[in-house]
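Everything on this sheet refers to the single structure shown next.
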Amino acid sequence: MAALASLGKDDLPPSIKLKNEDDLAVSPFLGIEKGAVLQECRIFNDLHLKPRKCVDALVRLLYLVGHGEKLSSTEATEVFFSITKLFQSNEPTLRRLVYLSIKELAGAADEVIIVTNCLMKDVNSREDMFRANATRVLCRITDSQMVSQIERYLKQEIVDRNPVVASAALVSGQHLLLHNKGDVVRRWVSEVTQALEHPSPMVQYHALALLYQIRQHDRLAVSKLVQGLARSGIRSAFACCLLIRCILRIIGETSVAESMNEQRSYFEFIESCLRHPSDMVVCEAARAIISVPGISREEVKKTVTVVNSHLLRRGSVVRHAALRILNRATYLYPNQQWFDPFDFEDFLHDKNRAITTLAIATVLRGAREQTIEGFLKKIQARFMELPDEFRVQIVEAVHSLVLKYPNSYYSLLNFLGSSLREEGGFEFKKAIVDAYFSLLNEVPQSKEICLSHLCEFIEDCEHPFLSARILHLLGQEGPKMPQPGKYIRYIYNRIILENAAVRAAAVSSLARFLDENSTSQTRKAIVVLLKQCLYDSDDEVRDRASYFLHQCQQKTLEENSLINVDEELSSSPTTIKEFSHLPYSLPELENSLVDYLKREDFNEEFNIADVPKSDRNLEVSEHIPMERVTEKTQEASSEWGNVLLGSVQGRDLSHWQDKNSHLLEMKELASLGTLLKSSPSVELTEPETEYNVTCLKHTYRQHIVLEFTIMSTLEDQILENVYIVADLSSIEGLELVKNVPISLLKHGIPERAFVVLKRLEGFYPIGDVPCEIRYIVKEMNPSTGEVDERGFDEEYKLEDLSFGISDYMLPIQQTNVLFKDMWDKFGSQNEVRETFALSMHQSIPSALSAVREFLGMTVVEGAQVSPYATHHISLFAGSLLTDDDSVLVVCYAEFVKENQAVVLNLTVRSEDLNVSELVTSAIA
Amino acid sequence: MLSSIWEQLLAWLKSLFFEQEMELAVLGLQNAGKTTLVNLFATGTFTEDRIPTVGFNLRKVRKGGVTLKVWDLGGQQRFRSMWERYCRGVHVIVFVLDAADKDRFSTAKLELLEILQRPSLASIPLLFLANKSDLPDALVDPQEIIQTFDLKSIKDREVAVYSVSAKNRTNIDTVLRWLISHNKKPTNTTSHQVGSSNGLV
């Protein structure tokens, strides 16, 4: 068995197997851990060092630190000290790693100064590699006290013949300056200047950098340095680039007038660099020229040409740099057209995608308006192949293009819209959506297209974050658009189809459509939609829906036009509202139906004709005030007057019914015919006086019945034969018909006295009628109830009772005629216009309600008005008692700030000029 | 003749396979002459080095078939806390004293006791060198040194005291011989050896 097994193993060539394993192990550092590596580093403390193993351990340690592994201060210090022991080996590889490790750990470990002596020894060694590296490490670990001790070595090294050593010292000098350890460095100017002459370009470059750094705050010295170098020429391309940058900075710092000459020479140098053999220098020079403030357009153009013709033919890196310069030029000089987009066609198919992107973005920024559309079509295909981060850049370029050429928004938005439909990650989609958001505000004419693109997008959007944002935007902008309904549909679709977060956003957005400008129909629809959301599975969605429903309810309550959501919610879905169009009195209908059910005789059909028809307006006000709202503006339109006269609202007749019952008790009144109208009750006495008297006016076709309610507050007397005397002499057209007295009035019990007046034909008496009560008063002992039979006559003066036009005004009879039609029918011949200033009223709503009270007419349109409105139009309609004379009033109210008064302009039309005048005079 | 060749050959082979290596940590206050002493061990010449050691020096010295790895530690205040890290695992701790600088004897004593009480350094032999014996007011009598530094109280390790002069090379060879004889890790036997200019006492 064993032999077989071993034979089997031998069949597999182990080398192949090993190779495969090697291939699999991609990285030798796979799965290494900090703890294990730190453990491994302990071998540095061994008595007999094994350099090979130490190298491995250090490489692993450096790998960890380089990948961002954080060592604690203790760990770093521990491993640092064990590394210091590696100085005993002179193995070059190991020493190099030691240098690197110390540099890496210098920040984290404590007391790194301990290696100073070892490093100084290396700095003085004969190995150039050791010298250069040790110098760099030494400057890293040293502190400002130690610098003076190592200074002399550094100074020597700067002028060393070996370029590596000299560079190391120069760079270390820069490092010391940067970290504020190197005030000594400022004394090295002569050595560094000497290094500038070093044959190695690298040393020259580093020397220039250090020299500039030492002197950067001394402008004169810097410009001397730069001028000298510009004249003598520079071997290092890097130094040349650096010089260009220095010059750019000097130019930026000097004022133009100060040194034209100086600038001229600088500029000539930069320009000469445009012909430098190194592409890098040419790029740097071109970049510098276009960034010089106040440079002439000619110069820029020349530079762009150089870049265009010279650089764009080079390798990828140079091409990319050149494109960046052009891109920058389009930023800095946005209104110039530097190039034709068709020159760039090659780049659209460049195998380097970064170059493609940059080229597209550059062309988009710098192209002429007319060529954009064609160009966009051209890049569309290539665009879709690019990865997201590149597409984001292009989207941003398109975005800024729309801002630049708002008139081409259509084609650009088409481009964005089709991008939105493409596959793409979140960042890409977000960039597009951001662009839309900004365009919506910046380019108002694009609003509708933007919104429709976004609506389309959320129909199929995988990113809830974006959906929520767009829904919010729709809520913001949708209600202001001409057709808000369109957006409601999109929003509601989200409620049905999306996850909870988006649904909640959609609910909020939907609620935004419930603003003042929305029609009642829209409101109704939204309330229905929101109600459905109350059954959502998610808490947040439900909460939001009920919050907004509540808010909506509050609002409508405030506006005195109720949508009683609570009631609707608790009741069966078929609300009373839906029957409001039936011409029946609902209670009557209900009674009839209940009767029908009680009879249990279902062979006979329920006869709806038996149900008494209602006087619609009264019925409405009697039962469900909220119906008024829904009836109010059935088909609201933007023009005033396109409203049915039957759209009654705001007639407060709540007092009507109970008073009516008292009237009916009066058999005498039956002959007067039907009661047409009752006024609100009026107090005729001051409160807290002997008697409380209120009066109601009931209007019949020919008569007016005054119903006085009298209550005595005096405990020690009773009143007998109490009657009202109204002095009609001051008012024309009224005759006393009958007086119904109160036979006995006891303390605390209200009783009613009636006065029946006849209205003479053709008169609508208006004015004040003085009234008083006359009665026989008898003393009474309140404790025993004994009455002194000796009574005596007494009278008690009441306040005047006033009659106004409102007492004769009824709701209009022809309810299904448009206000506008009837207005036009009456024509202007029966029109009376009058302007009033109502200084008592400080706001339009209060003035309007006063007018309404005065006229007793129905507001058919414009009942709602904000207290802060400065002008407002309301339409009133009504008819006078006898003739079915319809009266229409257009009331324009304006608040005049200077006078602190409301000015009313009333235009009254009716079939009879007299009637119109009567109505206007009522207010006067 | 032949036998001596054989012996040399054997010694060479032996040194090839079993090269002896030992580690020393040299410490003491600044300006005690540590670096100078180590240089003397290494090169056999006296050079007056006035640059203070910042951190530490590492020297390898071959003596009598043994490689001495010497950690020459900086004596300034700021480095004393780090001595311990370099004393761990060494064969011998060498404490160098400036025998002429009597003002700092107490500081030196404190630092010595401080380092010896570290548990990680327990039972490592101590070589106490009173340097600069050539200077006129130097403390040279070993017994006096033992008394001044209370070296008798050190019980857990081997202690040797020598009065040396790097400048005059007094006692240097004796010290080196003593060191080489300690190239084995210390056993737990504790003894006191007191050396003088005339050798062990």
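Quick mapping for you: the protein sequence lines, in order, are chains A and B. Numbering-wise (UniProt numbering), the first sequence opens with residue 1 and increments by one. Numbering-wise (UniProt numbering), the second sequence opens with residue 1 and increments by one. From the three backbone atoms N, C-alpha and C, an ideal C-beta is built for every residue, glycine too.
- When beta bridges are read from the DSSP output, A/Asn692 appears opposite A/Met711.
- Runs of the alpha helix (DSSP H) spanning 4 or more residues and lying entirely within the stretch 62 to 106 of chain A occur at 73 to 84 and 92 to 105, in chain order.
- The beta carbons of A/Ala922 and A/Leu838 sit no closer together than 9 Å.
- Runs of the alpha helix (DSSP H) lying entirely within the stretch 136 to 173 of chain B and spanning at least 4 residues, in chain order: 142 to 148.
- CA-CA distance, A/Glu477 to A/Ala893, rounds to 31 Å.
- Leaving aside the five residues that flank A/Leu593 on each side, the residues in its chain whose CB is nearer than 8 Å to its CB run, in chain order, Phe606.
- The Cβ atoms of B/Val96 and B/Ala32 lie closer than 9 Å to each other.
- Residue-level contact check: A/Asn124 does not touch chain B, since none of the beta carbons of chain B fall below 9 Å from its beta carbon.
- Per DSSP, B/Thr67 is one residue of the beta strand (DSSP E) stretching across Val66 to Leu73.
- Counting along the chain, the unbroken alpha helix (DSSP H) around A/Lys34 starts and ends at Lys34 to Glu40.
- Pairing A/Ala134 with A/Ala166 gives a Cβ-Cβ distance that is not under 9 Å.
- In the DSSP assignment, A/Tyr808 forms no beta bridge with any residue.
- Within chain B, the residues placing a beta-carbon under 8 Å from that of A/Thr116 are Val54 and Gly55, ordered along the chain.
- Using a CB distance below 8 Å, the part of the stretch 61 to 76 of chain B facing chain A consists of Lys69 and Gly74, ordered along the chain.
- In this structure A/Ser223 does not touch A/Met202 by the C-beta definition: roughly 25 Å separates them, more than the 8 Å allowed.
- Contact annotation for A/Gln156 against chain B: no contact, minimum CB-CB distance about 16 Å [criterion: below 8 Å].
- For A/Val392, no beta strand (DSSP E) encloses it; the enclosing alpha helix (DSSP H) starts and ends at Asp388 to Lys404.
- Membership of A/Ala901 in any alpha helix (DSSP H) is not indicated; the residue belongs instead to the beta strand (DSSP E) covering Ala901 to Ser910.
- Inclusion of A/Pro750 and A/Ile710 in the CB contact set at 9 Å is warranted, their separation being smaller than that value.
- Taking a 10 Å sphere around the C-beta of A/Ile394, we find 16 or more other C-beta atoms and assign the residue as buried.
- Residue contact check for B/Tyr86 against chain A: a CB pair falls below 9 Å.
- Within the stretch 66 to 93 of chain A, the residues whose Cβ lies closer than 7 Å to some Cβ of chain B are Phe81, Phe87 and Gln88, listed in chain order.
- Within a 10 Å sphere around the beta-carbon of A/His698 sit 16 or more other beta-carbons, which makes this residue buried.
- Between B/Thr67 and the set B/Ile93, B/Ser106 and B/Glu23, the nearest pair of CA atoms involves B/Glu23.
- When CB distances to chain A are screened at a threshold of 7 Å, the residues of the stretch 20 to 34 of chain B falling below it are Glu21 and Glu23, in chain order.
- In terms of CA proximity to A/Gly762, A/Asn914 leads the group A/Ser679, A/Lys404 and A/Asn914.
- Under DSSP, B/Phe95 takes part in a beta bridge, and its partners are B/Leu27 and B/Phe128.
- For A/Tyr410, no pairing in a beta bridge is given by DSSP.
- Residue-level contact by beta carbon fails for A/Met202 and chain B, as no gap is shorter than 9 Å.
- Across the structure, A/Ile158 and A/Val189 are spaced so that their CA atoms are roughly 11 Å apart.
- For A/Glu720, the closest alpha carbon among the candidates A/Leu248, A/Leu454 and A/Ile776 is that of A/Ile776.
- Taking a Cβ-Cβ cut-off of 7 Å, the neighbours of A/Met146 in chain B comprise Val54, given in sequence order.
- Against B/Gly89, the close residues of chain A are Asn45 and Leu47, in the order they occur along the chain (beta-carbon pairs closer than 8 Å).
- Any Cβ of chain B closer than 9 Å to the Cβ of A/Gln39 would place that residue at the interface, and such an atom is absent.
- The C-beta separation of B/Ile180 from B/Lys69 comes to about 13 Å, leaving the pair out of contact by the 8 Å criterion.
- DSSP, read as helix, strand or coil, puts A/Cys455 in helix.
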